[in-house]
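*Asks:* As numbered in the working numbering, residues 350 to 533 make up the sequence shown, in order.
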Amino acid sequence: TYAFQRDRYWLESPAGAGDVGSAGLVTADHPLLGAVVPLPETGGLVCTGALSLRTHPWLADHSLLGTVLVPGTALVELALQAGAHAGRPVLDELTLEAPIVLPESGGIQVQVVVGASGEVTVHSRLSGSEDPWTRNASGVLGTTAAEGLALTEWPPPGATAVELDGAYAALAERGFGYGPAFQG
């Protein structure tokens, strides 16, 4: 071909490009996690994912003093999802150790590690970074739930409604940002 021949040739993507299965991984089928990697010899596994404001724009609605933070409930969800893949669907305990801060541009890599005996940790770091991983949460997964408490009527008799008009505005004055995705 010649530079001015005006023919275009597009490279074909290899079969499965962008598909975790083509890398020998198992898809996580989850909006926050991309793949599940069973660990040889240990019986544990690692669930991996990537978070950014581009791929998860609703996370921009959760901030503290202008800094976007992944909600703590998302870390609970990450641990539960990893536990489900490991055959340990019950979260017995979880300690939140450090927030996951989302940058304005770029993203965060997330890894959830489940050990054979049910210990679980959530780690993160900037995408493409060689910096050490930050441990964001640690806990214990189980196979059976504890006996449930008897549920009572809610709200309890005699309870009075609390007025919530202006609650989000009052929180915003204190630096807590709860946009539409986190209201209601």
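We put the beta carbon where it would ideally sit given N, CA and C, even for glycine.
(1) At which residues does the alpha helix (DSSP H) containing H434 begin and terminate?
(2) What residues in its chain sit with their C-beta under 6 Å from that of V462, if we drop five residues either side in the sequence?
(3) Whose CA, out of S478, T493, A516 and V386, lies closest to the CA of P438?
(4) Helix, strand or coil: how does DSSP classify G370 here?
(5) Which residue's Cα is closest to the Cα of Q532: E502, T509, V425 and S412?
(6) Count Cβ pairs between the region 391-407 and the region 451-461 that sit closer than 8 Å; are there 3 or more?
(7) On a Cα-Cα basis, can you pick out the residue from R484, P406 and L408 that is closest to T444?
(8) Do you know whose CA, among G488, L500 and L400, lies nearest P420's CA?
(9) Between H434 and T376, what straight-line distance do the alpha-carbon atoms span, to the nearest angstrom?
(10) Just the Cα atoms here: how many angstroms apart are G515 and E442?
(11) Leaving out five residues on either side along the sequence, give the residues of the same chain with a beta carbon under 6 Å from the beta carbon of G370.
(12) Using the three-state DSSP reduction, which class does E522 fall into: helix, strand or coil?
(13) Given S362, which residues of its chain have a CB within under 6 Å of its CB, disregarding the five upstream and five downstream residues?
(14) Using DSSP bridges, identify the partner residues of G539.
*Replies:* In terms of the structure at hand:
(1) What you label residue 434 is simply residue 85 of the sequence shown in a count that begins at 1. From DSSP, the alpha helix (DSSP H) with H434 extends over G421 to H434.
(2) By one-based count along the sequence shown, residue 462 stands at place 113. For V462, where only same-chain residues beyond five positions count, the Cβ hits under 6 Å are V395 and T470.
(3) If you number the sequence shown from 1, residue 438 lands on position 89. Taking only the C-alpha atoms, the option nearest P438 is T493.
(4) By 1-based counting over the sequence shown, the position of residue 370 is 21. The answer is helix: DSSP assigns G370 an H, G or I state.
(5) One-based indexing of the sequence shown puts residue 532 at position 183. Nearest of E502, T509, V425 and S412 to Q532, Cα basis: S412.
(6) The region 391-407 vs the region 451-461: in contact.
(7) Residue 444 sits at position 95 when you count from the first residue of the sequence shown. T444 has its Cα closest to that of R484, out of R484, P406 and L408.
(8) To locate residue 420, count along the sequence shown from 1; it is residue 71. Checked all of G488, L500 and L400; the closest Cα to P420 is L400.
(9) Sequence index remark: in the sequence shown, residue 434 carries index 85 (1-based). Sequence index remark: in the sequence shown, residue 376 carries index 27 (1-based). Cα to Cα, the separation comes out at about 11 Å.
(10) In the sequence shown, residue 515 corresponds to position 166, counting from 1. In the sequence shown, residue 442 corresponds to position 93, counting from 1. Their backbone Cα atoms lie some 34 Å apart in a straight line.
(11) The residue labelled residue 370 in the question sits at position 21 within the sequence shown. Nothing meets the Cβ criterion.
(12) Indexing the sequence shown from 1 puts residue 522 at position 173. When DSSP states are grouped into helix, strand and coil, E522 belongs to the helix group.
(13) For the purposes of this step, residue 362 is taken as the residue at position 13 of the sequence shown. Confidence in S362 is poor, its pLDDT being 44 and thus under 50, which makes the residue's placement too unreliable to answer from.
(14) Residue 539 lies beyond the residue range present for the chain, which begins at 350 and ends at 533; the question has no answer from this structure.
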